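Chains as they are written, first to last, in my numbering: chain A, -12 to 434; chain B, 7 to 231.
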């Protein structure tokens, strides 16, 4: 800062918090192009999240388990309500739905390999089931999406569970898109569309509207699959109490609830950042819906959206979820956004950790692409090994915390094991603010 | 001929029995009595058998059908023959919403009228409707042929991909990116074959063809009207 005119200091330049550099850059980009920003991933804004909760641990009033040796179970069974063959998983961490098309065949294979090694399930996506992912996934959940790309009764019957996708956290109420750059011959054939066009995925199902219809749709799917496999319903984090209630009413075995931090292959940035609720605000409401119906634990709850480590997993369990699903974290474990490709990211005008133009098909890590040269950079076997390692670490972390809280199964974690460090998190998760026995909106209090 | 009476046989048992039929079954003719509007009748079949449903059906009759021929001697509820892969489904009466939705193959014949969203997101099926069809039919239709011997409702073929639409009567309005196209000799040949298979007396020359203008194939902000 330079003094001038009679030595009086000049006003310091101050950047506007409202019109920040990123905001101004987006205004300039919009003005130059006339098109809204499309990107992959989930919400990047700072949101109340699991970091705003802490475990209390054991002390005089709780008796801990030995951290490294005593048994702490992690298994979970999904689909016990109606299915003849519920899914039994060794760990409560599943791999979320991601499509072949959005991801390369090798990346899908790696997800299957890693999930199978870790004793958990992986999930197809919008685009159908490939033989590679079926072959490499011991437990495979088949998504039933509005587009019905590649949908057929043979794949339906060789799935271990069916997930009816009503919405996802990144874009509740919105459809999907896969831009032409990624519609290779194989992707086009699987989706029955011309090569190279921008492919739209509808925002609503073509042959049912509302939970009454969905109940009959589920009847049909159960009849086709002989009532053998669990049926999940996936919803975005919009109105979790009512959405969970209606999903259960429609006949779901499992409700999958995806908060706004949950990723997508491609959608409008304005949608990702401005529609939906953070997962922290959704879990207790969904659990309350299940409890009100007398079906908590009978209809299982899988939550997703920004889950990164074993602490996040343990916190979800404590809030009442039965399992979690990871998408973005799994891609990072495979090698997405790895700094070793920094020069390539720079060439694309970005940097490792910030790369989100997954829809353009130019992923230097060879994961979110259909380009043969880029795909060749990715080793599915090594990817599977890395994912398995990551899942193992998350599980060990969750167990460590559960033991410290005196729990012999991660499902025994409970809200009373937690405190909140912010008012927002306390209100959203209905967990007392640290040092108090109160949270905003607590029944029996007037504020 | 095998007869299953839904007055005494539950839906689960009915479908389990039909699913047990294989390519080599010698029990090729089946009759279902007293359907009384039940849902999910004869869905998920995968054998070269002929099933006659004596009455009207509820939602999703013949859903995801493969190989089988299913005759409905009445009207069909929503989503009849949804996601059909192959085979033939013939409805003597009318069909409710979403008839043939997302179907990949086979032939769906509706001898009466079809309600809204007939052939929505169709992916290769052939659909012939002797009567009229409702609004938003062939929405996002990807491939296959939709033949309408009567009139079509509003927004026909909205956001259409490569499906071909043939309408003999009037079209109340066309949806986004759906346009009338030239009827070439190969289309007349195709239409003649479909009409014959669907037992329609209509003449191919009486139809107009509609298809995609392909203006929405690549993302363009100017389409956001």
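All C-beta atoms, glycine included, are put in the ideal place defined by N, C-alpha and C. Nothing here was measured: the structure is a model prediction, and the numbers come from that model.
C-beta atoms of residue i and residue j nearer than 7 Å
i                      : j                      : result
residue 148 of chain A : residue 128 of chain A : yes
residue 207 of chain A : residue 182 of chain B : no
residue 155 of chain A : residue 245 of chain A : yes
residue 205 of chain A : residue 238 of chain A : yes
residue 105 of chain B : residue 120 of chain B : yes
residue 223 of chain B : residue 25 of chain A  : no
residue 30 of chain A  : residue 266 of chain A : no
residue 87 of chain B  : residue 96 of chain B  : no
residue 194 of chain A : residue 101 of chain B : no
residue 297 of chain A : residue 381 of chain A : yes
residue 227 of chain A : residue 273 of chain A : yes
CB contact below 7 Å: residue i versus chain B
i                      : result
residue 140 of chain A : yes
residue 173 of chain A : no
residue 206 of chain A : yes
residue 185 of chain A : yes
residue 170 of chain A : no
residue 68 of chain A  : no
residue 275 of chain A : no
residue 135 of chain A : yes
Contacts of residue i in chain B (Cβ-Cβ under 8 Å)
i                      : result
residue 210 of chain A : 17, 18, 21, 46, 49 and 50
residue 189 of chain A : 127 and 146
residue 179 of chain A : 110, 129, 130, 148 and 149
Contacts that residue i makes with chain A (C-beta to C-beta distance below 7 Å)
i                      : result
residue 107 of chain B : 193 and 194
residue 88 of chain B  : 194
residue 168 of chain B : 181
Chain A contact residues for residue i, given Cβ-Cβ distances below 8 Å
i                     : result
residue 5 of chain B  : Outside the displayed span of chain B (7 to 231) sits residue 5 of chain B, for which this structure offers no information.
residue 69 of chain B : 207 and 211
Min CB distance residue i to chain A below 7 Å
i                      : result
residue 239 of chain B : Past the boundaries of the shown model lies residue 239 of chain B; chain B is included only from 7 to 231, so the question cannot be answered.
residue 224 of chain B : yes
residue 12 of chain B  : no
residue 7 of chain B   : no
residue 24 of chain B  : no
residue 91 of chain B  : yes
Element boundaries [beta strand (DSSP E), containing residue i]
i                      : result
residue 202 of chain A : Segment 197 to 211 is the alpha helix (DSSP H) holding residue 202 of chain A; no beta strand (DSSP E) there.
residue 184 of chain B : 184 to 187
residue 406 of chain A : 405 to 407
residue 358 of chain A : That residue, residue 358 of chain A, is in no beta strand (DSSP E); it is neither H nor E in DSSP.
Chain-ordered neighbours of residue i on chain A, where CB pairs are closer than 9 Å
i                      : result
residue 72 of chain B  : 139, 140 and 141
residue 84 of chain B  : 194, 195, 200 and 203
residue 123 of chain B : 193 and 194
residue 211 of chain B : Those within 9 Å of residue 211 of chain B in chain A number zero; the least Cβ separation is about 29 Å.
residue 160 of chain B : Going along chain A, no residue has its Cβ under 9 Å from residue 160 of chain B, so there is no contact; the nearest lies around 17 Å.
residue 188 of chain B : Result: empty, since nearest Cβ-Cβ is about 20 Å, beyond 9 Å.
Neighbour list for residue i in chain B, Cβ cutoff strictly below 7 Å
i                     : result
residue 56 of chain A : The contacting residues do not exist; residue 56 of chain A stays about 49 Å from chain B at best.
First and last residue of the uninterrupted alpha helix (DSSP H) at residue i
i                      : result
residue 216 of chain B : Here residue 216 of chain B belongs to no alpha helix (DSSP H); instead the beta strand (DSSP E) covers 214 to 218.
residue 386 of chain A : 367 to 391
residue 266 of chain A : 266 to 279
residue 102 of chain A : 92 to 105
residue 305 of chain A : 297 to 306
residue 229 of chain A : 227 to 237
residue 151 of chain B : Run containing residue 151 of chain B: none in the alpha helix (DSSP H); it sits in the beta strand (DSSP E), 149 to 154.
residue 14 of chain A  : 8 to 20
residue 94 of chain B  : Premise fails: residue 94 of chain B lies in the beta strand (DSSP E), 94 to 97, not in any alpha helix (DSSP H).
Would you be able to state if there are at least three C-beta pairs under 8 Å between the stretch 252 to 260 of chain A and the stretch 186 to 201 of chain A? The stretch 186 to 201 of chain A is not in contact with the stretch 252 to 260 of chain A.
With a threshold of 8 Å, are at least 3 pairs of Cβ atoms found where one atom belongs to the stretch 142 to 153 of chain B and the other to the stretch 126 to 133 of chain B? Three or more Cβ pairs closer than 8 Å define a contact, and the stretch 142 to 153 of chain B meets that threshold against the stretch 126 to 133 of chain B.
Looking at C-beta atoms only, is the number of pairs between the stretch 411 to 419 of chain A and the stretch 30 to 41 of chain A that lie closer than 8 Å three or more? These segments touch.
Answer yes if the stretch 316 to 325 of chain A comes into contact with the stretch 363 to 381 of chain A, meaning at least three C-beta pairs across the two stretches below 8 Å, and no otherwise. When Cβ pairs closer than 8 Å are counted between the two stretches, the stretch 363 to 381 of chain A is seen to touch the stretch 316 to 325 of chain A, the count reaching three or more.
Report yes or no: do the stretch 85 to 103 of chain A and the stretch 52 to 63 of chain A share at least 3 C-beta pairs separated by less than 8 Å? By the Cβ rule, the stretch 85 to 103 of chain A does not count as touching the stretch 52 to 63 of chain A, because fewer than three pairs are nearer than 8 Å.
Three CB pairs or more closer than 8 Å across the stretch 100 to 120 of chain A and the stretch 61 to 69 of chain B: Of all C-beta pairs linking the stretch 100 to 120 of chain A to the stretch 61 to 69 of chain B, fewer than three are shorter than 8 Å, placing the two stretches out of contact.
Three-pair Cβ contact test at 8 Å for the stretch 125 to 139 of chain A versus the stretch 297 to 310 of chain A: In short, these stretches do not touch, since the Cβ pair count stays below three.
Would you be able to state if there are at least three C-beta pairs under 8 Å between the stretch -2 to 14 of chain A and the stretch 213 to 233 of chain A? Put simply, the stretch 213 to 233 of chain A does not touch the stretch -2 to 14 of chain A. Fewer than three CB pairs are less than 8 Å apart.
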